[in-house]
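There are 2 protein chains.
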Amino acid sequence: MNTEMDSKVTEAEWEIMRVVWAQNKVTSKEIIEVLQQKKDWKPATTKTFIGRLVHKGMLETETEGRKYIYSAKVKEADIIRSSLNELFANICSRDVGNTIAYLLSNATLSFKDIDKLEKILERKKKDAVEEVPCNCVPGQCKCHEHEGSNCNSGCHSVSDTGQVSINEQ
Amino acid sequence: MNTEMDSKVTEAEWEIMRVVWAQNKVTSKEIIEVLQQKKDWKPATTKTFIGRLVHKGMLETETEGRKYIYSAKVKEADIIRSSLNELFANICSRDVGNTIAYLLSNATLSFKDIDKLEKILERKKKDAVEEVPCNCVPGQCKCHEHEGSNCNSGCHSVSDTGQVSINEQ
DNA sequence: AATTAATGATTACAAATGTAAACTTAAACC
DNA sequence: GGTTTAAGTTTACATTTGTAATCATTAATT
Numbered sequence: 008m009n010t011e012m013d014s015k016v017t018e019a020e021w022e023i024m025r026v027v028w029a030q031n032k033v034t035s036k037e038i039i040e041v042l043q044q045k046k047d048w049k050p051a052t053t054k055t056f057i058g059r060l061v062h063k064g065m066l067e068t069e070t071e072g073r074k075y076i077y078s079a080k081v082k083e084a085d086i087i088r089s090s091l092n093e094l095f096a097n098i099c100s101r102d103v104g105n106t107i108a109y110l111l112s113n114a115t116l117s118f119k120d121i122d123k124l125e126k127i128l129e130r131k132k133k134d135a136v137e138e139v140p141c142n143c144v145p146g147q148c149k150c151h152e153h154e155g156s157n158c159n160s161g162c163h164s165v166s167d168t169g170q171v172s173i174n175e176q
Numbered sequence: 008m009n010t011e012m013d014s015k016v017t018e019a020e021w022e023i024m025r026v027v028w029a030q031n032k033v034t035s036k037e038i039i040e041v042l043q044q045k046k047d048w049k050p051a052t053t054k055t056f057i058g059r060l061v062h063k064g065m066l067e068t069e070t071e072g073r074k075y076i077y078s079a080k081v082k083e084a085d086i087i088r089s090s091l092n093e094l095f096a097n098i099c100s101r102d103v104g105n106t107i108a109y110l111l112s113n114a115t116l117s118f119k120d121i122d123k124l125e126k127i128l129e130r131k132k133k134d135a136v137e138e139v140p141c142n143c144v145p146g147q148c149k150c151h152e153h154e155g156s157n158c159n160s161g162c163h164s165v166s167d168t169g170q171v172s173i174n175e176q
C-alpha cells in the first residue's frame with residue numbers, strides 16, 4: 008500500500024471517491040450500482056478502480072464478515088484543492104483574477120455564497136497589490152515583454168518546483 | 008491531423024503551449040530552450056510534444072526556410088476554461104461557491120481584480136438562488152440524504168453527459 | 001452437502017502519456 | 001564540394017489510465 012500522502016486521483020477514480028465521500032461507509036456493491044447507472048461501467052471495471060484506490064491508500068477497508076466496508080482516507084476538499092492547485096500551476100499568477108472571474112460568472116450561487124465571497128473579497132483588499140507579480144518562467148508568458156514596467160518583482164524567480172500562485176493554506 | 012476541436016492538452020503539452028502563447032510565433036529551438044531550463048527536458052522530449060500538438064491541431068506551422076514557425080491554434084483561455092470545466096464536473100454544484108471561496112482566499116489579487124470580482128458578484132445577486140440545486144447523481148453526494156428539504160429541484164436529474172455547474176459562456 | 005452467487009484478487013490489454021534516442025534531410029560552414 | 005549541424009520524423013519503451021474478463025474463495029441457497 009502506497010502511503011505517499013500526495014492526494015492524487017484520476018478522473019475515473021474520482022467517480023469512485025465521490026460515492027464513498029457521499030456515503031462515508033460503503034460496500035463495493037453500492038459503488039458498483041451507482042457507477043453502473045452513471046457511467047455504465049461493468050462491475051469489473053468499478054472493482055478495478057476500487058482496488059487501485061485501496062492500493063494507493065485513498066480508501067480504507069474494514070472487514071465485515073467476508074466483505075469489505077470502504078471508507079475514504081482523504082478528504083474531498085483535499086482532492087479538489089490539490090487538483091485546482093495543479094491546474095492553476097499552469098496559469099500565470101497575473102491571470103488568476105480573471106480566471107476566478109470566469110468561474111464566478113458561470114457559477115450558480117446562493118445568496119449565502121455571494122455573501123461569503125464578498126466578505127472574502129473585502130478581506131482581500133488589505134493585502135491587495137497594485138500589480139500582481141508574474142510567476143512565470145521567462146519565455147512562458149507575455150509579462151516578460153514589457154519588462155521593467157511591471158514584471159520586475161516576481162518575474163523570472165519561480166521555477167517548476169516553486170510555489171504557484173495558489174498555495175495550500 | 009486531428010481536427011476535433013476539443014481543446015484538450017496534457018500536462019506536458021501545456022508547457023509547450025505556454026511558450027507558444029507567450030511568443031505568438033516561435034521556432035522549436037526557442038521552445039526547446041525554455042523547457043530545457045524549466046523542466047530539464049532533453050530536446051528530443053520537447054520535439055515529441057511539439058509533434059503531438061501539431062498532430063492534434065493545437066499548433067499551426069508555417070514554413071520558414073526549411074524549418075517551421077509554430078503558432079497556437081487554440082486560445083489559452085479556452086484551454087484553461089475547458090480544464091476548469093472538467094475539474095468542476097467532479098464537484099457538486101452546491102459546493103462550487105465554497106470552491107471559489109478557496110481560490111479567492113489563496114490568490115494574490117490586484118485592486119483591479121478585486122474591483123472586477125466585486126462587480127461580478129454584484130451582478131450575480133440578480134440571479135442568486137436561495138439554495139443551489141444539487142446536480143449529482145444519486146449516491147454521489149450527501150445532498151441526497153436530507154431529501155425534500157433542499158435537494159428537490161436539480162437533484163437526480165443530471166447524468167454524466169449533462170451540463171455541469173460551470174458551463175461555457 | 002452440493003450448487004450458486006457474490007466479492008475480492010489476478011490477469012489482460014489497448015490507448016494515452018512521459019521521456020528520449022535514432023534517423024533523415026537540408027542548410028551552413030570550412 | 002564535403003562535412004557538421006540543426007530541425008523535423010520515426011521509433012522505442014516504460015508507466016499510467018481506462019476498461020474488463022477470469023479466477024478463487026467464501027457465503028448463501030436449495
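Sequence lines, in order, name chains A and B.
Per my numbering, the first sequence starts with residue 8, numbered consecutively.
Per my numbering, the second sequence starts with residue 8, numbered consecutively.
From the three backbone atoms N, C-alpha and C, an ideal C-beta is built for every residue, glycine too.
Quick caveat, the model's predicted, so the values are computed rather than measured.
- For the segment 80-132 of chain B, the continuous alpha helix (DSSP H) assignments of 4+ residues that do not extend past its boundaries occur at 83-95, 103-113 and 118-131, in sequence order.
- Under the Cβ distance rule, residue 56 of chain B does not count among the residues neighbouring chain A, no pair being separated by less than 9 Å.
- Secondary structure note for residue 53 of chain B: its alpha helix (DSSP H) is the uninterrupted segment 50-63.
- Neighbours of residue 21 of chain A across chain B, judged by C-beta separation under 9 Å: 97.
- Chain A places no beta carbon closer than 9 Å to that of residue 76 of chain B, leaving this residue out of the contacts.
- The segment 106-116 of chain A makes contact with the segment 130-145 of chain B, as at least three CB pairs between them are under 8 Å.
- Residue 60 of chain A sits away from residue 78 of chain A, with the two beta carbons spaced by 9 Å or more.
- Under the DSSP definition of a beta bridge, residue 69 of chain B partners with B:76.
- A Cβ-Cβ contact shorter than 9 Å links residue 132 of chain A with residue 121 of chain B.
- Look at residue 33 of chain A here: in three-state DSSP terms it is strand.
- In the DSSP assignment, the residues bridged to residue 136 of chain B are A:117.
- Under a criterion of Cβ atoms nearer than 7 Å, the residues of chain A adjacent to residue 121 of chain B are, in order, 128, 131, 132 and 135.
- By the neighbour-count criterion, in which 16 or more other beta carbons inside 10 Å mark a residue as buried, residue 134 of chain A falls on the exposed side.
- Taking C-beta atoms under 8 Å as the contact rule, residue 94 of chain B and residue 94 of chain A qualify, at a distance of about 6 Å.
- Within the model, the alpha-carbon separation for residue 88 of chain B versus residue 98 of chain A is close to 11 Å.
- At the C-beta level, residue 105 of chain A and residue 123 of chain B come within 9 Å of one another.
- Nearest CB-CB separation between residue 59 of chain A and chain B: not below the 9 Å threshold.
- With a 10 Å radius around the Cβ and a threshold of 16 neighbouring Cβ atoms, residue 83 of chain A comes out buried.
- Counting other Cβ atoms within 10 Å of its Cβ, residue 70 of chain B stays below 16 and is therefore classed as exposed.
- Here residue 39 of chain B is not near residue 27 of chain B, since their CB atoms are 9 Å or more apart.
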